[in-house]
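Notes follow the structure.
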Amino acid sequence: MKSIRKAVFPLAGHGTRFLPMTKSSPKEMLPIVDKPVVQCVLEEAVAAGINQIIMVTGRGKRAIEDHFDISYELEDVLRKKNKNEALEELRRITSLSEILYLRQKEALGLGHAVLCTKNVIGDEPFIVALGDEIMDGPETAMSQLRRAYEKIGGGPVIGVQRVPLSEVHQYGIIAGTEVAPGLYRVDRLIEKPSLEEAPSDLAIIGRYLLTPDIFPVLETQAPGKGGEIQLTDALNTLSQKRPLYAMEIVGDRFDTGDKLGFLKATVRFALKRPDLGPSFQAFLEDLVHHFPGVSPEAKSNERSEKRDYATR
Ligand code: G1P
């Protein structure tokens, strides 16, 4: 069984759900307290034993490259001010992993972004991690996928989680048979189905462990939803040709490309920080008791959304 050493981060998306913030600044650079989201994803990969990251970028994503590069000027300033801790942290970030950058010239979809890495990946299994999704739990998603890969004797495994039925249209959804607790043999995948079309509530989250046989499929994959080459469609084709598995990932997932997801991640990760957590918690508790709260109108909207969902 080949070991997993490489990870692909598709980062060329425009971040339209987070405008105007993402007009000139990549969504992957949004801060989780003081660390860009993409750094959290990279640290997850490094902890899972990955030593080469292929970042598929696009126009307007230079800040990501600069973040992982050495900044001599800044280092000089920190040295002169004796800010050694900050200096060391900056050095640590630049040496976390080998990083290769590839430009996806046109936004032709997630499947196309993965296809761009074909020659760099070669004949090895690899991870695909979406650069704006982070997880919090006892074990990282990538490490859970790696375990599943070993359990099935090597082969593609994708990360899934259950989502409310009202959200299936936002995800790739799988149909499969549970072969071991939390491990599914996938029969079929469908990208962003309607509620009626959705075969289950098991949604693809932004973590995949793939094998190189996905590339020839992607090469001939016709555009799907939104006119884009969808990774989900290619995986569906692949599942008809060879065993494909899905692993239900344990942990809380945060989609930081979404405003509410970003806010939740900020609160969760700030509370976990020893330097900020206690004061931040005190602030939040005080806020809950004294803040006048959201308007009655907003509250009634929320209630009616929940009612719609419950009566479906
Ligand atoms: C992508 C995938 C989708 C997956 C989702 C996870 O969609 O195409 O299958 O469920 O990521 O976040 P996107 O959110 O980029 O439109």
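In terms of numbering that gives the first Met the number 0, the sequence shown opens at residue 0 and continues consecutively.
Cβ coordinates follow ideal geometry from the N, Cα and C atoms, glycine included.
CB of residue i within 8 Å of CB of residue j, strictly
i, j, result
"D254", "D131", "yes"
"D200", "L164", "yes"
"Y148", "I52", "no"
"A85", "P25", "no"
"G57", "I228", "no"
"L73", "L89", "yes"
"G205", "L129", "yes"
"A47", "M134", "no"
"P124", "L208", "yes"
"E190", "G223", "yes"
"G136", "G250", "yes"
"A283", "G276", "Note that residue 283 corresponds to Leu in the displayed sequence, not to Ala. It is not a contact, given that the beta carbons lie outside the stated cut-off."
"S96", "N50", "yes"
"R16", "G256", "yes"
"Q160", "R252", "yes"
Among the options, the one whose alpha carbon lies nearest that of residue i
i, options, result
"Y183", "A245, G110, E218", "A245"
"E42", "K150, A269, K271, I92", "I92"
"R241", "L230, R4, I213", "I213"
"M54", "I126, G48, G181", "I126"
"S193", "V156, G108, I173, Q169", "Q169"
"Q103", "P155, Y148, E196, A11", "A11"
"I157", "S23, V40, E247", "E247"
"G59", "R78, V45, A106, I49", "A106"
"A100", "V7, A46, S94", "Checking the displayed sequence, the identity of residue 100 turns out to be Tyr instead of Ala. Answer by Cα proximity: V7."
"I151", "S142, A140, A179, G292", "A179"
"D65", "V76, Q280, E27", "E27"
"E195", "P19, V167, E138", "V167"
"K5", "Y71, G121, R78, G14", "G121"
"G171", "V159, Q160, R146, I203", "I203"
"A174", "T139, Q239, R146, R145", "Q239"
"L217", "K117, A281, Q280, G256", "K117"
"G181", "A197, Q143, L188, P198", "Q143"
Cβ-heavy atom distance, residue i to ligand 2, below 7 Å
i, result
"E196", "This structure lacks ligand 2; its bound ligands are ligand 1."
Residue i: first and last residue of the uninterrupted alpha helix (DSSP H) it sits in
i, result
"I213", "213-219"
"M141", "140-150"
"I63", "61-66"
"G260", "258-270"
"L209", "That residue, L209, is in no alpha helix (DSSP H); its beta strand (DSSP E) goes 201-209."
"D33", "Careful: D33 lies outside any alpha helix (DSSP H) and carries neither H nor E."
"A197", "It is not in any alpha helix (DSSP H) - A197 carries neither H nor E in the DSSP assignment."
Rounded Cβ spacing between residue i and residue j (contact assumed at less than 8 Å)
i, j, result
"G154", "T210", "6 Å"
"T231", "I31", "T231 to I31, Cβ: 27 Å. No contact."
"L29", "F261", "6 Å"
"A112", "P215", "Not quite, the Cβ-Cβ distance comes to about 17 Å (not below 8 Å), so this is no contact."
Unbroken beta strand (DSSP E) run spanning residue i, endpoints
i, result
"L182", "182-190"
Review point. In chain order, which beta strand (DSSP E) runs of at least 3 residues are fully inside the stretch 81-131?
Key: 97-102, 125-128
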